[in-house]
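Chemist:
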Amino acid sequence: MSRNNAGLSADRIITEALRIIDGQGLRRLTMRRLGDALQVEAMAIYHHFPLGKEQLFEAIVAHVSDVSGGSPGGDGEEAADADESAEESADERPWDERLRAWALDYRRALLSHAQALPLFIHRRPDTEAALRTRELHYAAFTEAGLSGADVVQAAAALDSYVTGAVIHEVRANGLPARDPAVIDGRFPHAAALTGVELDPERRFTDGLDALLGSLRP
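Anchor point for the sequence shown: position 39 equals 39 in UniProt numbering, and the numbering is continuous, going up by one each time.
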């Protein structure tokens, strides 16, 4: 098959780009390396992403974060099916169960592509995927009895918790400092609790349940 015509699709490009990011890191993703992985000329990628790498990055963020319709990072066909299903039958689970399911799915998606986290920090959530998430959050918190600015504040708190918890978890498993500080008598509380480790998933769900509980009117 020609390196200029390999049946490319945006989903295939995003999937391969994530494979490179997950395996080699964000800095290693170049259009040339991506083209080689897809067995096409790099210019063929620009047919789907004419604005280049920044447009691709935006698509990656939308792809990973689109968990409100079902499975994280589903392809366009799956998302369309999910939209049709949503129109036919609304999710009848209680508001907090819907938000809890979203939070667990979003955490899983972010952890699966932890090398792509910097992309989420520097881009505003202006995508359609972000709007689907916002709609899910606002509808759930409205059902919970909140209104107006309280709905917006609650949704922001939930998103901040999930994103912050993932960053904390990834950082805890990151590279150690070259010259780590010594825990001595100057830090009595830290010294007393040294060695106490929490299960990451249990820590996340306990914090999530506490947050959702505190957001009830």
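Even for Gly, the Cβ is constructed at its ideal location relative to N, Cα and C. A quick note: this is a predicted structure, and the numbers were derived from the prediction, not measured.
Pick from Val67, Leu29, His63, Ala37: whose alpha carbon is nearest that of Gly52?
Modeler: Along the sequence shown, read from residue 1 onward, the residue named residue 52 stands at position 52. When only C-alpha atoms are compared, the closest one is Leu29.
Chemist: Does DSSP classify Gly174 as helix, strand or coil?
Modeler: Numbered from its first residue, the sequence shown carries residue 174 at position 174. Three-state result, Gly174: coil.
Chemist: Taking the C-alpha atoms as reference points, what is the distance between Ala130 and Leu99?
Modeler: Stepping through the sequence shown from its first residue, residue 130 is reached at position 130. Stepping through the sequence shown from its first residue, residue 99 is reached at position 99. The straight-line gap from Cα to Cα measures roughly 15 Å.
Chemist: Rounded to the nearest angstrom, what separates Arg33 and Phe120 at their Cα positions?
Modeler: Numbered from 1 along the sequence shown, position 33 holds the residue referred to as residue 33. Numbered from 1 along the sequence shown, position 120 holds the residue referred to as residue 120. Spanning the two alpha carbons is a distance of roughly 22 Å.
Chemist: Tell me whether Asp66 is buried or exposed, calling it buried when 16 or more other Cβ atoms sit within 10 Å of its Cβ.
Modeler: Reading the sequence shown from its first residue, position 66 is the one you call residue 66. Its Cβ being crowded by 16 or more others within 10 Å, Asp66 is buried.
Chemist: So, at 6 Å on beta carbons, what are the nonlocal neighbours of Tyr106 in its own chain, with the 5 sequence-adjacent residues on each side left out?
Modeler: Numbered from 1 along the sequence shown, position 106 holds the residue referred to as residue 106. Excluding positions up to five away in sequence, the list reads Val67, Val162.
Chemist: Taking Leu212 as the reference, give the member of Ala101, Ala59, Val61 with the closest Cα.
Modeler: Residue numbering aside, residue 212 sits at position 212 when the sequence shown is read from its first letter. Out of Ala101, Ala59, Val61, Ala101 has the C-alpha closest to the C-alpha of Leu212.
Chemist: Which residue spans inside the UniProt domain "HTH tetR-type" (13-60) form an unbroken beta strand (DSSP E) run of at least 3?
Modeler: none
Chemist: Reducing DSSP to helix, strand and coil, say where Leu212 ends up.
Modeler: Taking the sequence shown and counting its residues from 1, the one referred to as residue 212 is at position 212. In this structure, Leu212 counts as helix in the three-state DSSP scheme.
Chemist: When DSSP labels each residue in this structure, what does Ala181 get in the three-state scheme?
Modeler: Start at 1 with the first residue of the sequence shown, and residue 181 comes out as number 181. Ala181 falls in the coil class under three-state DSSP.
Chemist: Where does Val196 fall in DSSP's three states?
Modeler: Stepping through the sequence shown from its first residue, residue 196 is reached at position 196. The answer is coil: DSSP assigns Val196 none of H, G, I, E or B.
Chemist: Quick check on Leu8: does DSSP put it in helix, strand or coil?
Modeler: Position 8 of the sequence shown, counted from the start, is the residue given in the question as residue 8. Coil, per DSSP.
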